[in-house]
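Colleague:
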Amino acid sequence: MEKPTPHTFRKESIYIDGKDKTDEIKSYSFEGNKCVVEYKSSEKTYSYSQSRIKIVRSAIQSERAGNIFSYIKAIAESVGLKTEADNNILANSYKRISFIPETSILYNYLNGKEPDKNNHTSPIEIFPFGFNLSQKAGVDNAFSNPLSVIEGPPGTGKTQTTLNIIANAVMNNQSVAVVSSNNSATKNVFEKLESNGLSFMAALLGSSINKKEFIDAQTEVPDLSSCRLTQEQEQTLIQSNTSLFTELTEKLELKNELALLKLETEKIKTEYQHFTDGVSLAIEIRFKKNVSSDQVLSLWITLEEYEKTGKKFYWLRKLIFPFLYGVKDKIFYTLSYEDMIRIVQSKYYGVKISELDLRKQELQNILQHFSFNEKMKEYTEGSMQLFKNQLYKKYKGKERPEYTEQDLRFNSEEFIKDYPVIMSTTYSLRRSLAENVVYDYVIVDESSQVDLATGILALSCAKQAVIVGDLKQLPNVVNSETVENTDKIFDAYDIPEPYRYSNNSLLSSVTKVFPELPKTLLKEHYRCHPKIIDFCNRKFYRDELIILSEAQTEREPLLVYKTKAGNHARQRENQRQIDVIIQEIIPQQNLEGVNLGIVTPYRNQTLALQRTFQGTDIKADTVDKFQGRENDVIILSTVDNEISEFTDNPNRLNVAISRAKDQLILLVNGNESDNDTNISDLMRYIDYNNFKVINSEVHSIFDYLYKGYEEKRKALLSYQQKKSVYDSENLMYELIRQVLSDDQFSKYGVIIHHPLRNLLLDFSRLSFEEERYARHHATHLDFLIYNKLGKNPVLAIEVDGYEYHKTESQQAGRDRMKNDILEKYKIPLLRFSTTGSGEKERLITALTKL
Numbered sequence: 001m002e003k004p005t006p007h008t009f010r011k012e013s014i015y016i017d018g019k020d021k022t023d024e025i026k027s028y029s030f031e032g033n034k035c036v037v038e039y040k041s042s043e044k045t046y047s048y049s050q051s052r053i054k055i056v057r058s059a060i061q062s063e064r065a066g067n068i069f070s071y072i073k074a075i076a077e078s079v080g081l082k083t084e085a086d087n088n089i090l091a092n093s094y095k096r097i098s099f100i101p102e103t104s105i106l107y108n109y110l111n112g113k114e115p116d117k118n119n120h121t122s123p124i125e126i127f128p129f130g131f132n133l134s135q136k137a138g139v140d141n142a143f144s145n146p147l148s149v150i151e152g153p154p155g156t157g158k159t160q161t162t163l164n165i166i167a168n169a170v171m172n173n174q175s176v177a178v179v180s181s182n183n184s185a186t187k188n189v190f191e192k193l194e195s196n197g198l199s200f201m202a203a204l205l206g207s208s209i210n211k212k213e214f215i216d217a218q219t220e221v222p223d224l225s226s227c228r229l230t231q232e233q234e235q236t237l238i239q240s241n242t243s244l245f246t247e248l249t250e251k252l253e254l255k256n257e258l259a260l261l262k263l264e265t266e267k268i269k270t271e272y273q274h275f276t277d278g279v280s281l282a283i284e285i286r287f288k289k290n291v292s293s294d295q296v297l298s299l300w301i302t303l304e305e306y307e308k309t310g311k312k313f314y315w316l317r318k319l320i321f322p323f324l325y326g327v328k329d330k331i332f333y334t335l336s337y338e339d340m341i342r343i344v345q346s347k348y349y350g351v352k353i354s355e356l357d358l359r360k361q362e363l364q365n366i367l368q369h370f371s372f373n374e375k376m377k378e379y380t381e382g383s384m385q386l387f388k389n390q391l392y393k394k395y396k397g398k399e400r401p402e403y404t405e406q407d408l409r410f411n412s413e414e415f416i417k418d419y420p421v422i423m424s425t426t427y428s429l430r431r432s433l434a435e436n437v438v439y440d441y442v443i444v445d446e447s448s449q450v451d452l453a454t455g456i457l458a459l460s461c462a463k464q465a466v467i468v469g470d471l472k473q474l475p476n477v478v479n480s481e482t483v484e485n486t487d488k489i490f491d492a493y494d495i496p497e498p499y500r501y502s503n504n505s506l507l508s509s510v511t512k513v514f515p516e517l518p519k520t521l522l523k524e525h526y527r528c529h530p531k532i533i534d535f536c537n538r539k540f541y542r543d544e545l546i547i548l549s550e551a552q553t554e555r556e557p558l559l560v561y562k563t564k565a566g567n568h569a570r571q572r573e574n575q576r577q578i579d580v581i582i583q584e585i586i587p588q589q590n591l592e593g594v595n596l597g598i599v600t601p602y603r604n605q606t607l608a609l610q611r612t613f614q615g616t617d618i619k620a621d622t623v624d625k626f627q628g629r630e631n632d633v634i635i636l637s638t639v640d641n642e643i644s645e646f647t648d649n650p651n652r653l654n655v656a657i658s659r660a661k662d663q664l665i666l667l668v669n670g671n672e673s674d675n676d677t678n679i680s681d682l683m684r685y686i687d688y689n690n691f692k693v694i695n696s697e698v699h700s701i702f703d704y705l706y707k708g709y710e711e712k713r714k715a716l717l718s719y720q721q722k723k724s725v726y727d728s729e730n731l732m733y734e735l736i737r738q739v740l741s742d743d744q745f746s747k748y749g750v751i752i753h754h755p756l757r758n759l760l761l762d763f764s765r766l767s768f769e770e771e772r773y774a775r776h777h778a779t780h781l782d783f784l785i786y787n788k789l790g791k792n793p794v795l796a797i798e799v800d801g802y803e804y805h806k807t808e809s810q811q812a813g814r815d816r817m818k819n820d821i822l823e824k825y826k827i828p829l830l831r832f833s834t835t836g837s838g839e840k841e842r843l844i845t846a847l848t849k850l
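Residue numbering for the sequence shown follows the UniProt record's numbering, beginning at 1 and increasing consecutively.
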């Protein structure tokens, strides 16, 4: 495909007294400290002091920038919607652009030049809509960086963060445009302003319909005299609010710590339940009341070392051990090392849970004594009072005129002073007001669903931008025909991959162009039942979320319903699953009258569900349409006989699960499948957390137990900085961690030196020699990779030294025995020789096959 004719740009603009006079000026020149200007309308020349003149260069200066802009313009011509008169509005918007100032953030994006930090900004301390620690960081980043990203997982308060950015910008007499790919996201922000009596400063514009509705429904500025503060009152409130802000920030750290402790305790209790289900203890042993988990771990490591070296318990050790490790019963020392270690492991769980409970109680007492909720309310109200006092000063004594549609275009400067907050779609922002309007801030909401052509159009009129979105949720949809057409256009230009339209939303493109861009992950989650969002947390967000939500009902948060096995799906519709919803799920789970939503991957199933529940309050739609919505209970109808790649898409699953506030019911076909999918991970997670009977001969992996052990062992043993005495194992450990850090393998964890005897539920499949070998304390797996969601082992890894593991050696015989044992229990094994190569590729291949 040939390149179209390059776009023609004005190279600079001339501002006199802050107003763009470029179109009126014929020529200009500098003479000393004066600028001599000749206007087109007059033969006279006018002289201005240089302080009144500002020359702004174009953002399109380099060949790269020109190429990229011409490419995006060509994309707009290809993808833009056409009117009945065959008029491509998006393409026309690009054609009308004759100048983009270098002060626009688009200059940085097109040139791949990371913007300089704003070094003169102060930390924000006014949060009229409330705040938490990550929201505070996101707002601070927005004002200290011309371009920043706020990553907002479900239920973490993206809208609240946006509202605080708006408030602070308006406080600073700055203009803000809030845009998204659709009107619903911006209307949500508008409605929140409206509920706080602030919508009078915002204009919902963009499309012709929106502009007409705004013009017809203009309101006067409300009477803000009740919000007026004297100078003394204002200073007093600022001081008290600043002090309260500091206290709240400290307490928010404790609140987050408390939330993490609650989640950690739940995880340990679940793991402990599985431990006690699978391990029978020889005898109950008493420990001292004040024994610490640290002492118990030390005892475990010491016993393990004694077992390895064959040490006996002489009278002196029996005398010292109670003081060192708190074991009271002498009978303990008569047991086998294997039984002693199991008793100590069991004790560790109980002691650790008690320690966490104690710390939780301390934090709860501190927060209760502080009256956190009341103080946050006091601070928020104080901030709102300061904000409204500033608005009173801005609007006092001024009668706002009633604007016409023509004024929007020809009187934009005055309009934006009266309405500093403009809301639009990315598609229509440049057509909301005059073409040359550049906003102090453009906030792009739901940016993972904003395509490049409309996103870049919005950035062209932004001095600074905040990109808000979540790469773990659904991106904008690009159909196969558009992919083919836009890829042809991309191939005609010599530009970097992050600008490829078919592969990138605005959010993904910006983060690829600027990998070091300041990013804030909103961590505190408030919406879903902890057990529901914890799956998303572990599976998609690398355990980075802080879950502050609590169970609101007695409902089981996660359930799986399986239809009878069979070929029930036809043309992406599954009537059997609909029958199960009507006849079993709704009556059995008492869902009559409940705020219920049914999500499904396919349009055909959606239409069938909508016909079935027509006239009821039950909402049924595709996962894509449900993004941004929520229900108390969600049923996920997967439709497929065998889970497809489309249904199993991680972003789609993340969105589907996180729509459910109180209960998620997963509905799948009962066909047996060995596929390792995201849906099967969800089923394992549900199974593991509900303590259902698993007909398996392999233990869950007690990763919490062994993480504590590894850390303590590392501190106690002489090779303190290493996980292993062997350099080869240390290198392999780092390689495994590196591979598992990739998003596609993030559901996996790794444990080093896992005893084989702790992995098998019974030894009935083994010969006498194999059982003796498997039970031996020294028989372990060098590394065990496990699924963090179901705690099930997925891949054993052995590192074989050349000399030690020679074919004729004794160790080689043990290796063969270990191979046979693992094969009998269907645990995959990967061996790496220290003389081999391509380890990373082999490991990735093995995990991908799994």
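We put the beta carbon where it would ideally sit given N, CA and C, even for glycine. If you're wondering where the values come from, they're calculated on a predicted model, not measured in any experiment.
To the nearest angstrom, report how far apart Asn604 and Thr270 are at their CA atoms.
Modeller: 39 Å
Colleague: In chain order, what residues of the same chain have a beta carbon less than 7 Å from the beta carbon of Phe613, not counting five sequence neighbours either side?
Modeller: Ala620
Colleague: Determine the burial state of Asn504: buried for a count of at least 16 other Cβ atoms within 10 Å of its Cβ, exposed for fewer.
Modeller: Counting Cβ neighbours within 10 Å, Asn504 comes out buried, since at least 16 surround it.
Colleague: So, at 6 Å on beta carbons, what are the nonlocal neighbours of Lys562 in its own chain, with the 5 sequence-adjacent residues on each side left out?
Modeller: Answer for Lys562: Val668, Gly670, listed in chain order.
Colleague: Assuming the contact rule is C-beta atoms closer than 8 Å, Ala569 and Asn641 should be a hit. Round their C-beta distance to whole Å, please.
Modeller: 5 Å
Colleague: If you draw a straight line from the C-alpha of Glu554 to the C-alpha of Tyr94, how long is it?
Modeller: Between Glu554 and Tyr94, the C-alpha separation is close to 55 Å.
Colleague: Decide if Pro515 is buried, meaning its Cβ has at least 16 other Cβ atoms within 10 Å, or exposed.
Modeller: exposed
Colleague: Short check: CB of Ile126 to CB of Asp140, under 8 Å?
Modeller: no
Colleague: Can you pull the DSSP bridge partners for Gly597?
Modeller: DSSP, once it has assigned bridges, lists Lys619, Ile634 as partnering Gly597.
Colleague: If I'm right that Trp315 touches Tyr709 with Cβ under 8 Å, what's the distance once you round it to whole angstroms?
Modeller: Their Cβ separation, rounded to whole angstroms, is 28 Å, which puts Trp315 and Tyr709 out of contact at 8 Å.
Colleague: Quick one: is Gln744 buried, meaning 16 or more other Cβ sit within 10 Å of its Cβ, or exposed?
Modeller: Here Gln744 is exposed. Its C-beta has fewer than 16 other C-beta atoms within 10 Å.
Colleague: Whole angstroms is fine: what's the gap from Lys840's alpha carbon to Ser833's?
Modeller: Going by C-alpha positions, Lys840 is about 13 Å away from Ser833.
Colleague: When the Cα of Phe372 is compared with those of Asn87, Lys26, Lys251, Asp339, which residue comes out closest?
Modeller: Lys251
Colleague: Could you spell out the range, first to last residue, of the beta strand (DSSP E) harbouring Asp662?
Modeller: 660 to 668
Colleague: Quick test of the definition: if touching needs 3 or more C-beta pairs under 8 Å, does the segment 473 to 488 touch the segment 448 to 462?
Modeller: yes
Colleague: Short check: CB of Arg659 to CB of Leu789, under 8 Å?
Modeller: No, they are not a contact pair.
Colleague: Give the DSSP bridge partners of Met423, in chain order.
Modeller: Met423 pairs with Val178, Leu204.
Colleague: For Phe200, is the classification buried or exposed, using 16 other Cβ atoms within 10 angstroms of its Cβ as the cut-off for buried?
Modeller: buried
Colleague: Classify Leu429 as helix, strand or coil using the three-state DSSP reduction.
Modeller: helix
Colleague: Based on Cα-Cα distance, which residue from Val478, Leu433, Ile467 lies nearest to Tyr441?
Modeller: Selected option, being the one with the closest Cα: Ile467.
Colleague: For the candidate residues Lys11, Asp487, Ile546, whose alpha-carbon lies nearest to that of Ser134?
Modeller: Ile546
Colleague: Report the partner residues of Tyr15 according to the DSSP bridge assignment.
Modeller: Asp20, Lys54
Colleague: May I ask you to list the residues that DSSP assigns as paired with Val149?
Modeller: Ile467, Lys519
Colleague: Report yes if the C-beta distance between Ile785 and Val799 is below 8 Å; otherwise report no.
Modeller: no
Colleague: Am I right that Pro146 and Pro115 are in contact with their C-beta atoms under 8 Å? What's the rounded C-beta distance?
Modeller: Between Pro115 and Pro146 the Cβ distance is about 4 Å, and since that is below 8 Å, they are a contact.
Colleague: Given this structure, state the Cα-to-Cα distance separating Met817 from Asp676, to the nearest angstrom.
Modeller: So the alpha carbons of these two residues sit roughly 28 Å apart.
Colleague: Could you check whether the segment 237 to 245 touches the segment 313 to 329, counting it as contact only if at least three pairs of C-beta atoms, one from each stretch, sit closer than 8 Å?
Modeller: The answer is no - the segment 313 to 329 does not touch the segment 237 to 245, with fewer than three Cβ pairs under 8 Å.
Colleague: Who are the near neighbours of Gly206 in its chain, counting only those whose CB is closer than 6 Å to its CB and skipping five residues on each side?
Modeller: Ser424, Thr425, Ser428, Ser432
Colleague: Evaluate contact between the segment 96 to 111 and the segment 452 to 460, counting only Cβ atoms and requiring at least three cross-stretch pairs below 8 Å.
Modeller: Taking 8 Å as the limit for Cβ pairs, the verdict is that the segment 452 to 460 does touch the segment 96 to 111.
Colleague: Among the candidates Ile598, Ala59, Lys136, whose CA atom is the shortest distance from the CA of Tyr109?
Modeller: Ala59
Colleague: Per DSSP, Ala169 is paired with what?
Modeller: None, per the DSSP bridge assignment.
Colleague: Taking 7 Å as the cut-off, is the CB of Gln231 close to at least one heavy atom of the ligand GDP?
Modeller: The model on display carries no ligand, and the ligand GDP is accordingly not part of it.
Colleague: Determine the extent of the alpha helix (DSSP H) in which Ile585 is found, giving its start and end residues.
Modeller: No alpha helix (DSSP H) contains Ile585, which DSSP labels as neither H nor E.
Colleague: How would you call Thr83, buried or exposed, if buried means at least 16 neighbouring beta carbons within 10 angstroms?
Modeller: exposed
Colleague: Helix, strand or coil for Tyr314, going by three-state DSSP, please let me know.
Modeller: coil
Colleague: For Phe214, is the classification buried or exposed, using 16 other Cβ atoms within 10 angstroms of its Cβ as the cut-off for buried?
Modeller: buried
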